[in-house]
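J.:
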Amino acid sequence: MRSGPSPTLLATAASWGCKVSSWLGATVLAESVPARGRAVWVRSNKVPESLQLTVPRFSVENNATFDWLPGVNAGAPLARFGQVLDVTVQAGGVDGRLGRYLITGWQDAGSDIKVNATGLLQTAADDRLTTVTAPRDGGTLRSEFLRLLPANVQASFTGVDDRECPRAMEWPDDRLEALYEIADAWPARLLSDPWGQVQVLPPLGAPVPVVTLTDGEGGTVVSAPPSDTRERSYNRVVARSSAPGVDVQAIAEVRAGPMSVSGPYGAVTKFFTSPLLLTEEQCLLAAQTQLASSVRPSRTLQVELAPDPRIEIDDAVAVVTGKGTRYEQQDVGFVTGVDMPLTVADGAMRIDVAVF
Numbered sequence: 000m001r002s003g004p005s006p007t008l009l010a011t012a013a014s015w016g017c018k019v020s021s022w023l024g025a026t027v028l029a030e031s032v033p034a035r036g037r038a039v040w041v042r043s044n045k046v047p048e049s050l051q052l053t054v055p056r057f058s059v060e061n062n063a064t065f066d067w068l069p070g071v072n073a074g075a076p077l078a079r080f081g082q083v084l085d086v087t088v089q090a091g092g093v094d095g096r097l098g099r100y101l102i103t104g105w106q107d108a109g110s111d112i113k114v115n116a117t118g119l120l121q122t123a124a125d126d127r128l129t130t131v132t133a134p135r136d137g138g139t140l141r142s143e144f145l146r147l148l149p150a151n152v153q154a155s156f157t158g159v160d161d162r163e164c165p166r167a168m169e170w171p172d173d174r175l176e177a178l179y180e181i182a183d184a185w186p187a188r189l190l191s192d193p194w195g196q197v198q199v200l201p202p203l204g205a206p207v208p209v210v211t212l213t214d215g216e217g218g219t220v221v222s223a224p225p226s227d228t229r230e231r232s233y234n235r236v237v238a239r240s241s242a243p244g245v246d247v248q249a250i251a252e253v254r255a256g257p258m259s260v261s262g263p264y265g266a267v268t269k270f271f272t273s274p275l276l277l278t279e280e281q282c283l284l285a286a287q288t289q290l291a292s293s294v295r296p297s298r299t300l301q302v303e304l305a306p307d308p309r310i311e312i313d314d315a316v317a318v319v320t321g322k323g324t325r326y327e328q329q330d331v332g333f334v335t336g337v338d339m340p341l342t343v344a345d346g347a348m349r350i351d352v353a354v355f
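Those letters in the sequence shown? Residues 0 to 355, per numbering that gives the first Met the number 0, in order.
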């Protein structure tokens with residue numbers, strides 16, 4: 000969970016706006032871009048973060064009219080030649096950093112300019128490997144992950160044990176896929192922090208809420224309708240080694256409850272192979288991690304609430320509806336999607352919570 004305004008401040012009619020600055024490398028192109036729009040995170044996307052901005056074509060800067068349309072100027076603040084937007088939301092005078100976003104495109108919309116941007120992992124998706132790449136002698140999961148990262152992206156490692164990276168492993172051309180392959184086999188999850196750094200974190204365990212969202216008086220929840228899907232809801236995962244000469248695998252299954260492989264739900268199987276898996280124990284851990292991820296998002300609450308810049312994907316939250324009535328209900332789960340407004344004019348915030 001990010002730092003930001005207190006729950007008490009967020010529950011009041013606090014002012015809400017954003018500060019957007021534009022950077023090209025270490026150079027500040029614009030300290031304050033007059034923008035509105037939405038920041039979105041989707042856990043299932045390889046690059047979870049995206050940004051959609053609307054910027055007025057003209058604004059008054061230092062008593063002079065400034066034209067924000069990039070045109071053919073590769074050094075313009077909103078051009079797409081490596082420009083990065085640094086975004087902070089402000090509630091009641093308190094800042095909450097959201098992240099850094101690579102501009103991927105813009106469109107002249109008459110009196111406005113529409114700008115699209117995405118998280119810095121996009122540079123890994125764009126910078127494909129030009130030759131088949133293999134681990135170096137003595138390379139570990141951590142050292143190879145760092146080596147595969149683009150030069151402009153940093154990484155931190157918390158709660159994950161390093162180990163040798165098998166020499167037999169090869170990565171053809173997809174740099175981002177290679178990073179996720181290492182993370183899946185570790186097992187680990189990837190999450191960008193508010194400064195654009197990639198965090199390598201352990202798998203999610205049982206949800207322990209970091210915040211409780213409520214409706215009613217003093218609450219911030221507007222609505223929380225549930226939905227459910229069978230799509231990608233596997234109840235059996237088979238993890239196998241694809242390393243030469245290594246013949247090991249492990250199976251993780253749901254054995255009880257409505258998604259049991261032996262019940263009416265039936266068996267829905269997912270296969271995962273990686274040359275990073277060298278022992279049955281490693282296969283089992285990878286299978287169990289992926290099974291937990293596939294079972295978790297089966298029932299989702301689509302929560303509409305007052306904007307809260309502290310909430311990010313993978314946060315464990317409790318959602319209380321019908322507070323103070325006989326219909327009061329509490330659901331606990333992990334955030335799998337966030338759609339956050341940057342100004343009051345951009346509407347309400349929405350989050351998806353995969354509940355247990």
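Ideal placement from N, C-alpha and C gives every residue a C-beta, glycine not left out.
Examine the Cβ distances between the segment 196–203 and the segment 233–242 and report whether three or more of them are shorter than 8 Å.
T.: Because the criterion of three Cβ pairs below 8 Å is not met, the segment 196–203 and the segment 233–242 do not touch.
J.: Which residue marks the beginning of the alpha helix (DSSP H) containing Q196, and which one marks its end?
T.: No alpha helix (DSSP H) contains Q196, which DSSP labels as neither H nor E.
J.: Do W185 and L140 have their C-beta atoms closer together than 8 Å?
T.: Yes, the pair counts as a contact, with Cβ atoms nearer than the cut-off.
J.: Return the first residue and the last residue of the alpha helix (DSSP H) that T288 is part of.
T.: Segment E279 to V294, the alpha helix (DSSP H) holding T288.
J.: In three-state terms, what does DSSP make of T122?
T.: Reduced to three states, the DSSP call for T122 is helix.
J.: Taking 8 Å as the CB-CB limit, is V27 close to chain B?
T.: Structure shown: chain B not included; a single protein chain is present.
J.: In this structure, does DSSP put Y233 in helix, strand or coil?
T.: Y233 falls in the coil class under three-state DSSP.
J.: With S142 as the anchor, note down where its alpha helix (DSSP H) starts and where it stops.
T.: It spans L140 to L147 - the alpha helix (DSSP H) in which S142 sits, taken as one unbroken run.
J.: Using DSSP bridges, identify the partner residues of K322.
T.: Looking at the DSSP assignment, K322 forms no beta bridge with any residue, so it has no partner.
J.: According to DSSP, simplified to helix, strand and coil, what is A344?
T.: Three-state result, A344: helix.
J.: Is the separation between the beta-carbon of V39 and that of V337 shorter than 8 Å?
T.: Going by C-beta atoms, V39 is nearer than 8 Å to V337.
J.: Which same chain residues, not among the five before or five after E279, have their C-beta less than 7 Å away from its C-beta?
T.: Counting only Cβ-Cβ distances below 7 Å, and skipping sequence neighbours, we find V247 and A249.
J.: Is DSSP giving I181 helix, strand or coil here?
T.: The answer is helix: DSSP assigns I181 an H, G or I state.
J.: Starting from the C-beta of A133, find all residues in its chain whose C-beta is less than 6 Å away, skip the five residues before and the five after it, and write them out in chain order.
T.: So the qualifying residues of the chain are E169.
J.: Let me check one thing: in DSSP terms, what residues is L212 bridge-paired to?
T.: Answer is V318, bridged to L212.
J.: Bridge partners of C164, per DSSP?
T.: C164 pairs with nothing; no bridge assigned.
J.: Residue ranges of each beta strand (DSSP E) run of no fewer than 3 residues wholly in the segment 74–119, ordered along the chain?
T.: If we require 3 residues or more, the beta strand (DSSP E) runs fully inside the segment 74–119 come out as 82–90, 93–108 and 111–118.
J.: From the DSSP output, which residues share a beta bridge with R135?
T.: According to DSSP, which records beta bridges pairwise, R135 is partnered with nothing at all.
J.: Please state whether DSSP places L276 in a helix, a strand or coil.
T.: In the structure shown, L276 sits in coil (DSSP, three-state: anything other than H, G, I, E or B).
J.: Do P206 and F355 count as a contact pair if the criterion is CB distance below 8 Å?
T.: The answer is yes: Cβ separation under 8 Å.
J.: With a threshold of 8 Å on Cβ separation, who are the neighbours of T392 within its own chain once the five nearest residues in sequence on each side are excluded?
T.: There is simply no residue 392 to check, as the chain begins at 0 and stops at 355 in what is shown.
J.: Got a sec? Which residues, its chain only, sit under 8 Å from D345 by beta carbon, not counting five neighbours each side?
T.: Here the set comprises R35, G36 and R37.
J.: R162 to E143, Cα distance in whole Å?
T.: Whole-angstrom Cα-Cα distance: 11 Å.
J.: My output table needs one value for L175: the three-state DSSP class, helix, strand or coil.
T.: The answer is helix: DSSP assigns L175 an H, G or I state.
J.: Is the distance from the Cβ of I356 to the Cβ of V302 below 8 Å?
T.: Residue 356 is absent from the structure shown; the chain starts at 0 and stops at 355.
J.: Does E30 come out as helix, strand or coil in the three-state DSSP assignment?
T.: Coil, per DSSP.
J.: Put A249 into one of helix, strand or coil per three-state DSSP.
T.: A249 falls in the strand class under three-state DSSP.
J.: Please identify the residue among G137, Q82, L300 and S241 whose C-alpha is closest to the C-alpha of L275.
T.: It is S241 whose Cα lies nearest to the Cα of L275.
J.: Rounded to the nearest angstrom, what separates S14 and V343 at their Cα positions?
T.: Each residue's alpha carbon lies about 8 Å from the other.
J.: Where does Y326 land, buried or exposed, given buried means 16+ other C-beta within 10 angstroms?
T.: Per the 10 Å Cβ criterion, exposed.
J.: Starting from R239, follow its DSSP beta bridges and name the residues at the other end.
T.: Per DSSP, Q248 and T272.
J.: Measuring only the C-alpha atoms, how far is L283 from A108?
T.: Cα to Cα, the separation comes out at about 52 Å.
J.: Out of curiosity, what's the CA-to-CA distance linking V159 and Q153?
T.: Cα to Cα, the separation comes out at about 17 Å.
J.: Does DSSP classify K45 as helix, strand or coil?
T.: It is coil, neither helix nor strand.
J.: Quick check: the Cα distance between L52 and K113, rounded to an integer number of angstroms?
T.: Answer to the nearest angstrom: the Cα atoms are 6 Å apart.
J.: Give the single residue among A25, W194 and R188 whose Cα lies nearest to the Cα of Y100.
T.: Taking only the C-alpha atoms, the option nearest Y100 is W194.
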